[in-house]
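Counting in this note's numbering, the final residue of the sequence shown is number 769, and the numbers go up one at a time with none missing.
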Amino acid sequence: MTNLATDAKQPLSLIYLDANATTQVLPQAAAAALVTMETLFGNPSSSHVTGLQAKQIMDKARQQAKQIVGAGEGTIIFTSGATEGIQTAILSALVAAKKTLDKDADYCLLYGATEHKAVPESLKHWNEILEINAEVKEIPVDRMGRLDMDFIAKEVPNALIICTMAVNNETGVYQDMNLLDRTIRTNNANTAWMVDCVQALGKTDLDLSQTSIDYAPFSGHKLYAPKGIGFMYVRKNAPFTAVIAGGGQEGGLRSGTENLPGLAALSAIFSMLLGESESCFASVATLHLFRQQMVSSLTQAFPEIVFNHSIENSVATTINFAIPGFSSKEIMDLFDAANVRVSSGSACSSKVTRSFVLDAMGLPAWQSESAIRMSFGPAMTQELVDTACSRIISVAQALQQNCLIIDTNSMAENTRADKTELDGLVQFKVGGNCSWLYVDQKTKSAIFIDPLPEVADRLQTILTCQELDLVAVIDTHGHADHDSCRVSIVESCLAEQQTDALGWPDNTQTTKINGNEYQYLTLGDKWLVKVATPGHTDDSISLLLCEPVTDATASLQVHYAFCGDLILMASLGRTNFSTSSAPEMYSSLQSLHTLIGNNSLVCPSHDYNNEFTTSIATELSRNSLLAQVINNEMNSAAFSLQKAKMDTHIIDESGSEIMCGALIGTCNKITVLDYDSASLAKALKQSNPMKLIDIREPHEYALQHDDRFNINVPLTRLVQFIQAQQDKQQELVLICRSGSRSQIAAQALGRLGFENVGHLKGGYALHQY
Ligand code: PLP
């Protein structure tokens, strides 16, 4: 195990900064639970002594809960957690409302736009089950996450229930409860009001009986008690319908034998909150200082950081931020590598992870897509905060070392990282689109092919940090599905350069290959040869990175063929644009094949299925149309006919992306060897030397890795590895964070003919360093 963060050979300690998702059970709570499992294990409903002892634990927890939330004459009911409390509140309110519904009135059910999903989903569920058919309406929030009081005043007169939250789980933003109370009651004295108090417990003072709140659900696992225990406050005389009927526990309000271990643990936490036992909880003022310190470290490490909420109107235990140019997934992977657990925005069905909470607040899309939440609880300590802060600096240092952020003066001299030199081919993927950067470190020169706007900033950072000269920025064709950022890059780096419409520089040299003349650029000891390959569009070109031509009659030694949308993985570029021509594509395929042969790596401008690269040999075995063209088994007219048919089937499963070619062949998943720790250890003892490869990005690898995995081939450089690794029998075992990137890479290698590729299932997440 090696790690950058300490320069030591020990694993990094775990820093858990995801308390808003759940917390560890504190030793005091775990000990209390254990006693009720081993000794005081009675059923609180039993009338014998063991039962009475159990009941006493439960009664104590109830009294404590009442005191903590200021329940007054209200009732505390123990539940399995907040989701159950939310059901109970909504069911109770709607069952009562149903009795007095006026058939001609238009009713609504109101909830805050940033509410936990349990709330709108439960509203819709019970609205349908109870056949109330009220309109479920979202209350908008402003940029600070505060509920729109005018909207509430207008809509609440028709509301059967209004659901709001005390503190938001993603941003820590709290609402002005007094203002909310006044707004609701001035406009509707009788509507039911539920306040989700899950994230408020232990972080703000509560005095529920002094408000007109009818229901307030709470959850134990957000405050150091185990999962499966929660409670809810119900105001005196608020309507109530039990969700669970049965043996009449909880005064008939919630049947089922009580979760005594959970109750005992919760009671131990309550004792600390109430100062009845020695507490490890920091005061709110101290928690604010902790957050300030972490905010300062983040700002020092990432000067461009943007905070997604105002620190002033959020509880002290939550920080939500975005770092320009980085997705939440990238930052989460990075912090995970540093053994710091943070959370990204809520996962959703689309390709990018984004936060509906930040979307509702009207923050720009990039902030929502890049959101990272750090959250801690009142048991946070100064020592942990200090470690978290130094880990934040290490994380930034790893990014600097790999030229993903520029080293600014904000870092102390002694924490600055040495740069890792970039050499060779880097693939940038954005959805199904690819850009390609080729760097010749010796001559400090670089070319950028098919530049996507999303990677323009990252490219600029790499160029500056690596002190590279950009020789050219070239598109393989005028892209129909996305913008090129060529012009903007050229403006800032190559303003003087004269080029054609795609960025190929004027006055380049020419060479003869097989009797034809081609233009080429020099890049270190390689050439980049331009070949006209019209078909997909009339301006389409392919760019061949190859060894210099010394003998015009010998075959070209091509390392990479950047062919745009001519050959795609298991497909061919579409030819149904106004400037397309299937007969021209037919000729282009044949002439490209003559130049690059079967085995050169083909690097298209799309990769819809995570295959990274391909070769004509790989395509021949699954793309019969291409095979017939290459093998001269089909003429141009027949090809055009087939191609026209194919182009009527261009689909994207999600319907959201313009696909640049229809799938012709199969993209069947290749089976790869799955290793676990034991089978890997066994395999390593056998005679064949295996190559153990960590395929995470270099900044993750730098933070911490298993020393046995002493080769780092990040996915962005996989194509370069494939080019260099000629021995396809070599046994390869890949590892990543969770096993998903390693599986994708292993499958890609398998498709390209690597015969012995496996990966460590579950990755570092499930295997010790
Ligand atoms: N409400 C909020 C604000 C939450 O953060 C959560 C937990 O994620 C819940 C409700 C659901 O709580 P539980 O896990 O106890 O059902």
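Glycine included, each C-beta is placed from N, C-alpha and C at the ideal position. Since the structure is predicted, the reported quantities are computational estimates derived from the model, not experimental observations.
Grouping DSSP H, G and I as helix and E and B as strand, with all else coil, what is residue i?
i: Q725; result: coil
i: R751; result: helix
i: S656; result: Below a pLDDT of 50, predicted positions are generally treated as unreliable, and S656, at 48, falls in that range; the measurement from the model is reported next regardless. DSSP places S656 in coil when its eight states are reduced to three.
i: P239; result: coil
i: K643; result: helix
i: A347; result: With a pLDDT of 45 at A347, under the threshold of 50, the modelled position of that residue is not reliable, and the figure given next carries that caveat. DSSP places A347 in coil when its eight states are reduced to three.
i: N576; result: coil
i: R143; result: coil
i: F41; result: coil
i: K222; result: helix
i: K227; result: coil
i: H125; result: helix
i: V713; result: coil
i: T511; result: strand
i: E278; result: coil
i: S368; result: helix
Relative to the ligand PLP, is the shortest distance from any of its heavy atoms to the C-beta of residue i smaller than 7 Å?
i: G262; result: no
i: N169; result: yes
i: D506; result: no
i: G230; result: yes
i: S375; result: no
i: D196; result: yes
i: N20; result: yes
i: S219; result: yes
i: T83; result: yes
i: M165; result: yes
i: A360; result: no
i: A118; result: yes
i: Q24; result: no
i: Q199; result: yes
Locate the alpha helix (DSSP H) running through residue i, then write down its first and last residues.
i: R62; result: V49 to V69
i: C465; result: A456 to Q466
i: A97; result: A82 to K98
i: S542; result: Per DSSP, S542 belongs to no alpha helix (DSSP H); it is in the beta strand (DSSP E), I541 to C546.
i: W504; result: Run containing W504: none; DSSP gives neither H nor E here.
i: G262; result: L260 to L273
i: F794; result: Beyond the ends of the chain as shown, which are 1 and 769, falls residue 794; an answer cannot be given.
i: T318; result: From DSSP, T318 is part of no alpha helix (DSSP H) but of the beta strand (DSSP E) over T318 to A322.
i: A617; result: I616 to L620
Quick one: residues in its chain with C-beta nearer than 6 Å to the C-beta of residue i, no 5 flanking neighbours on either side, listed in chain order?
i: T23; result: Y224 and G377
i: D181; result: T211 and S212
i: E584; result: P534 and G535
i: N339; result: L12 and L14
i: G750; result: I670, V672 and V757
i: A19; result: S375, F376 and G377
i: A30; result: none
i: G424; result: Q720
i: S350; result: Because S350 carries a pLDDT of 44, less than 50, the predicted location of this residue cannot be relied on, and no value is offered for it.
Enumerate in chain order the residues of its own chain whose CB-to-CB distance from residue i is below 7 Å, with the five nearest sequence positions on each side excluded.
i: S314; result: T171, G172, V173 and Y174
i: M294; result: I319, M374, V385, A388 and C389
i: I76; result: R62, A65, K66, F231 and Y233
i: S636; result: P583 and Y586
Between which two residues does the beta strand (DSSP E) harbouring residue i extend?
i: H288; result: No beta strand (DSSP E) holds H288; the alpha helix (DSSP H) holding it covers V284 to A301.
i: E135; result: E135 to I139
i: F78; result: T75 to T79
i: S445; result: S445 to I449
i: R486; result: Taken as a continuous stretch (DSSP letters only), R486 belongs to no beta strand (DSSP E), being part of the alpha helix (DSSP H) at R486 to C493.
i: C434; result: N433 to D440
i: T387; result: Where T387 is concerned, there is no enclosing beta strand (DSSP E), although the alpha helix (DSSP H) it sits in stretches over Q382 to Q401.
i: R182; result: Note, R182: premise wrong, no beta strand (DSSP E); alpha helix (DSSP H) at M177 to N187.
i: P604; result: L601 to P604
i: K691; result: K691 to D694
Starting from the C-beta of residue i, find all residues in its chain whose C-beta is less than 8 Å away, skip the five residues before and the five after it, and write them out in chain order.
i: A347; result: With a pLDDT of only 45 at A347, under the threshold of 50, the placement of this residue in the model should not be trusted; the figure read from the coordinates follows. Excluding residues within five positions, the ones whose Cβ falls inside 8 Å are T353.
i: M144; result: V173, H309, S310, N313 and M361
i: G655; result: A caution first: G655 carries a pLDDT of 49, below 50, which makes its placement in the model unreliable, though a value can still be read off. If we look at G655 and ignore the five residues flanking it on each side, it has no Cβ neighbours.
i: K227; result: T22, G81, G220 and H221
i: I68; result: L201, L206, F270, L273 and L274
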